[in-house]
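Convert by adding 7 to the 1-based position in the sequence shown; the result is the number in my numbering. Beta carbons are placed, not taken as given, at the ideal position from N, Cα and C, and that holds for glycine. Below you'll find the structure, written out as C-alpha cells, and then a few comments.
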Amino acid sequence: MADIDPARFDHDQLDQISEADHEFEQELFDTFVESYTEDLEFLRDLLPTPFPDQDTSGHADRKLHAHSIKGAASNLGAKEVSAKAHDIELQCIAHQYAAALVLLPKLEAEYEEFCKIWKRYQTTW
C-alpha cells in the first residue's frame with residue numbers, strides 16, 4: 008500500500024471496523040457510495056434554497072446530510088472526504104449555506120480521489 012496516500016486513506020481505521028474482512032470492506036464502500044450520492048444530491052438541492060429562520064427542519068436537514076457523509080467517510084477511512092464534509096457541516100450549523108455550497112466542489116474532488124485510492128487498495132487483496 009506504499010502508493011496509497013495515508014493522509015487520504017486511514018487503513019487502520021477501516022481495519023479496526025472490518026477486522027480485515029475484504030468482503031465486508033467492499034460492502035461498506037458500496038453503502039458509502041450509495042449514501043454519499045444521495046446525501047450530495049440533497050445538499051445540492053438544499054444549500055441554495057432559502058428557508059425561513061423558523062423552519063428548523065430545513066436547517067437540520069442540511070446539517071444531517073453533511074454529517075452523514077462525514078461519518079460514513081470516517082468509518083471507511085476516507086480522511087479528506089470526512090474532513091471536507093465536516094467543514095460543510097460546520098457551515099450548516101452556522102447557517103452559512105453559501106459558504107457550504109462553495110465547499111461542495113472540494114468535497115466532490117476528494118470523493119473522486121478516494122474512489123481512485125479505493126481501486127488501488129482493492130488490488131492489494
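Measure the Cβ-Cβ separation of residue i and residue j and say whether it is below 8 Å.
i	j	result
R15	I124	yes
L83	F39	yes
K113	A92	no
Y118	I11	no
S75	S42	yes
D94	L111	no
H29	W132	yes
Near residue i, which residues of its chain fall below 8 Å by C-beta distance, leaving aside the five closest residues on each side in sequence?
i	result
K70	E96, C99, I100
A106	Q98
D68	F49, L53
Here's a check: name, in chain order, each residue in its chain whose Cβ is nearer than 6 Å to the Cβ of residue i, leaving out the five neighbours to either side.
i	result
L47	none
E87	R15, E117
A73	A92, I95, E96, C99
S89	K77, A80, S81
So for residue i, helix, strand or coil by DSSP?
i	result
A101	coil
A14	coil
L54	coil
W125	helix
Pull up the CB-CB distance for residue i and residue j, whole angstroms please, since I reckon it's below 8 Å.
i	j	result
A85	F121	5 Å
Y104	L35	At roughly 30 Å, the Cβ-Cβ gap does not stay under 8 Å, so Y104 and L35 are not in contact.
Within a Cβ cutoff of 7 Å, which residues of the same chain sit near residue i, ignoring the five residues on either side of it in sequence?
i	result
T130	none
E32	L21, S25
Practice prompt. Would you mind listing the alpha helix (DSSP H) stretches within the stretch 17-51 that are 4+ residues and don't spill past its ends, in chain order?
Written response: 18-25
Worksheet item: What are the uninterrupted segments assigned as alpha helix (DSSP H) that are 4 or more residues long and contained completely in the stretch 66-102, given in chain order?
Response: 86-100
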